[in-house]
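Working notes for the structure below.
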Amino acid sequence: MKTQFLCILLLALVPATSAQAPEVKFIADTLVVQADGTYEADPDLATMTFNIFAQEKEMKQAYGAANQSIERIVTLAAANGLSKGDVSTGVLTVAPIYTGDRKKRAKSYYVQGRIVLKIRDFSRIGPILDGTVDDGIADFRSLTYSLSDEEAAKKQAVAEAMRRAIGRAKIALEQKGQTLGGLRYMSLDVKQLFGIVQIQARDVSELVEVTGGGGGFFSKSKVAPPPPPPPPPPQPEKITVSASVQCAFQIQ
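For the sequence shown, the tail end lands on 253 under my numbering, and the numbers increase by one without skipping.
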């Protein structure tokens with residue numbers, strides 16, 4: 002954002018009674034400055050998300066297969082140095098698959114869930130991806146790079162924006178032999194950009210075909226194709242946090 006300097010009169014409105022117009026007071030000798038600040042850092046945290054799915058004739062078998070897939074990923078994560086706090090597993094959900102009349106016994110059962118891994122050693126991303134290929138019922142869904150301490154990065158960006166605002170305000174006033182006074186007003190906006198690589202996982206429609214006229218939850222099953230091998234993990238880019246400030250300083 003281009004820095005602009007503008008000496009203005011700030012208006013302070015004092016509430017009045019409903020029968021009278023509000024009284025207007027003027028505050029003179031005020032300098033308004035806008036400035037931006039940025040902070041760049043290498044990401045130190047990766048978040049990997051996996052979708053878990055299984056489809057079997059018996060609900061117990063489908064649930065057990067999905068649960069075993071989660072346990073294998075948890076074991077794989079532990080073998081690559083992840084702690085229990087870095088592994089988050091969701092709830093497994095079960096959906097019956099019918100053919101025609103829903104009053105009849107379900108033809109099969111579909112179970113799905115999700116597991117999320119927090120990884121601080123990026124060299125472990127590749128081995129974890131490779132280790133899930135043989136699972137057969139776990140799909141890699143997304144990989145997100147971020148900062149473990151985002152608040153510290155935001156503070157750095159805000160500090161840079163304020164330094165620029167104060168420095169530019171001082172230079173502007175020095176040209177007229179004036180000095181910078183106290184801060185009367187400030188607005189702040191902080192934004193963060195971070196890299197994300199999204200790979201869509203298969204959904205229920207790829208395992209079962211839904212038709213509209215059978216009256217059942219699902220009416221026709223379809224064999225799921227084998228999952229493709231995961232792509233190589235992308236290289237993380239620097240994360241940029243930006244802050245914009247607008248300050249109103251007193252002119253002395």
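By construction, the Cβ of each residue, glycine as well, lies at the ideal position given by its N, Cα and C atoms.
Spatially closest choice to residue i from the options, by CA coordinates
{"i": "Leu181", "options": "Thr133, Ala107 and Ala170", "result": "Ala170"}
{"i": "Gln236", "options": "Glu175, Leu144 and Ile167", "result": "Leu144"}
{"i": "Asp43", "options": "Ser84, Ala249 and Glu151", "result": "Glu151"}
{"i": "Ala96", "options": "Gly183, Lys58 and Leu184", "result": "Lys58"}
{"i": "Arg115", "options": "Arg164, Gln179, Thr133 and Ser89", "result": "Ser89"}
{"i": "Arg185", "options": "Ile252, Glu72, Ala67 and Phe141", "result": "Ile252"}
{"i": "Ala249", "options": "Gly86, Asp37 and Ile167", "result": "Ile167"}
{"i": "Arg164", "options": "Ile98, Val33, Asp37 and Asp30", "result": "Asp37"}
C-beta contact flag for residue i and residue j at 9 Å
{"i": "Ile120", "j": "Met187", "result": "no"}
{"i": "Lys155", "j": "Gln193", "result": "yes"}
{"i": "Tyr146", "j": "Glu41", "result": "no"}
{"i": "Ala139", "j": "Ser109", "result": "no"}
{"i": "Ile71", "j": "Ile98", "result": "no"}
{"i": "Val117", "j": "Gly91", "result": "yes"}
DSSP-derived helix/strand/coil call for residue i
{"i": "Lys171", "result": "helix"}
{"i": "Asn52", "result": "strand"}
{"i": "Gly183", "result": "strand"}
{"i": "Gln21", "result": "Residue placement at Gln21 is flagged as unreliable, the pLDDT there being 47, under the threshold of 50; the coordinate-derived value follows with that caveat. In the structure shown, Gln21 sits in coil (DSSP, three-state: anything other than H, G, I, E or B)."}
{"i": "Glu151", "result": "helix"}
{"i": "Glu59", "result": "coil"}
{"i": "Gln157", "result": "helix"}
{"i": "Glu72", "result": "helix"}
{"i": "Gly178", "result": "coil"}
{"i": "Gly82", "result": "coil"}
{"i": "Ser206", "result": "Caution is warranted here: a pLDDT of 40 is assigned to Ser206, below 50, making its placement in the model unreliable, and the coordinate value is therefore given only provisionally. Ser206 falls in the helix class under three-state DSSP."}
{"i": "Leu144", "result": "strand"}
Other residues of its chain near residue i: CB distance less than 8 Å, five sequence neighbours each side excluded
{"i": "Gly82", "result": "Asp122 and Arg125"}
{"i": "Thr39", "result": "Ala158, Glu161, Thr241, Val242, Ser243 and Ala244"}
Close beta carbons around residue i, own chain, < 6 Å, minus the five adjacent residues each side
{"i": "Ser149", "result": "Asp45 and Leu46"}
{"i": "Gln247", "result": "Gln35 and Ser188"}
{"i": "Leu93", "result": "Ala67, Val112 and Gly114"}
{"i": "Gly132", "result": "Leu77"}
{"i": "Asp190", "result": "Ser245"}
{"i": "Leu32", "result": "Cys8, Ala170, Phe250 and Ile252"}
{"i": "Ala79", "result": "none"}
Neighbourhood of residue i by C-beta, 7 Å cutoff - its chain only, sequence neighbours within 5 removed
{"i": "Met60", "result": "Val95 and Tyr110"}
{"i": "Gln21", "result": "Bear in mind that the predicted position of Gln21 carries a pLDDT of just 47, short of 50, making it unreliable; the figure below should be weighed with that in mind. Result list for Gln21: empty, nothing under 7 Å."}
{"i": "Asp30", "result": "Gln251 and Ile252"}
{"i": "Gln179", "result": "Ile252 and Gln253"}
message = Which runs of the beta strand (DSSP E) at least 3 residues long sit entirely within the region 84–138? Give them in chain order.
response = 88–90, 94–98 and 109–120
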